[in-house]
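Some notes on the structure that comes next.
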Amino acid sequence: MSITGIRTYRTLFWTLAVAGLILDLWSKHQVFSWLGDPKTPGYFHLWEATPETGFHLVAQFELIDGTLVPRVNRGALFGMGGQHKNLANGTFAIVSLTAAMAVIAWSIFGKGIRQIWLTTALGLILGGTVGNFHDRIVFGGVRDFLHWNHWFDWPVFNLADCWLVTGAVMLLVQSLFMPDHATESPEPTPGPTPPVGESVVA
């Protein structure tokens, strides 16, 4: 692959990662600032299937040392390990940092940066990983605010989780259904040069 082609893929990778990170952090800040206002009920219906079910924005708070702060998820997906609180948060922060470093290394040295599907998946995963890592360092846990409870009650999540799940599904699809080869066709190999003084008959 040419240098220009690699730069194009790296631009896509970093654009997705940075845009995903910014959108995740912005959405968390906006929702918790808005729904944290005492004049609001603490939730907002994005889509209402019934008066009790649908897709909602929710912002939960708790009082710590006299200060009202966002209630965070210190565990992993579905709150797994959250009962261990600070230990769980620290452990998953280290896992997130390790994953982010691995994705960046893979994008630089691996074949992912040479395939648009893997480049997209890696960019989404990096954006989501760093978004939740930021929360664990700054807030002591992950801020979640999206809640789906129609047909089934899904645990509250955030946009970083969406990026992570989408990227992970793309990697799974890649490993199961897509061949592992570079996207560019190999350049043709020049034929042998005829000896001096001989002509080539067409």
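At position 102 of the sequence shown the residue is numbered 102 (the working numbering), and the sequence of numbers has no breaks.
Heads up, the beta-carbon is just placed ideally off N, CA and C, and yes, glycines get one too.
Since the structure is predicted, the reported quantities are computational estimates derived from the model, not experimental observations.
- Across the set L12, E62, A49, H45, the C-alpha of E62 shows the shortest separation from the C-alpha of R143.
- Residue ranges of uninterrupted alpha helix (DSSP H) with 4 or more members, entirely inside the segment 61 to 145 and ordered along the chain, are 86 to 109, 116 to 138.
- In this structure, the CA atom of R10 is about 43 Å from the CA atom of T67.
- For G167, the enclosing alpha helix (DSSP H) stretches over residues 159 to 177.
- Taking the Cα of W117 as reference, the smallest distance to any Cα among W151, G167, F145 is reached at G167.
- The Cβ neighbour count for W151, taken over all protein chains shown within 10 Å, is under 16; the residue is labelled exposed.
- For the pair of segments examined, the segment 145 to 160 was found not to touch the segment 83 to 96: the number of CB pairs separated by less than 8 Å stays below three.
- Judged by beta-carbon spacing, V72 lies beyond the 9 Å limit of F133, meaning their Cβ atoms are not closer than that value.
- Per DSSP, V58 is one residue of the beta strand (DSSP E) stretching across 54 to 58.
- Counting along the chain, W47 sits inside the beta strand (DSSP E) bounded by residues 43 to 48.
- Between the alpha carbons of R7 and L171 lies a gap of roughly 22 Å.
- W148 has F55 as its beta-bridge partners, per DSSP.
- From the listed residues I125, A105, F32, S96, the smallest Cα separation to G75 is found for S96.
- Distance between T98 and F44, taken at the CA atoms: about 35 Å.
- Apart from the 5 residues on each side of it in sequence, S27 sits with its Cβ closer than 6 Å to the Cβ of L159 in its chain, given in chain order.
- In this structure, DSSP gives W14 a helical state, which the three-state scheme calls helix.
- A Cβ-Cβ distance of about 5 Å is found for the pair T129 and A100, placing them in contact under the 8 Å criterion.
- Between L12 and G123 a beta carbon distance of about 7 Å is seen, short of the 8 Å cut, so the two are scored as contacting.
- Per the C-alpha coordinates, the member of L146, A17, L87, E52 positioned closest to I137 is L87.
- Less than 9 Å divides the Cβ of F145 from the Cβ of F32.
- Taking the Cα positions, T15 is about 40 Å away from D65.
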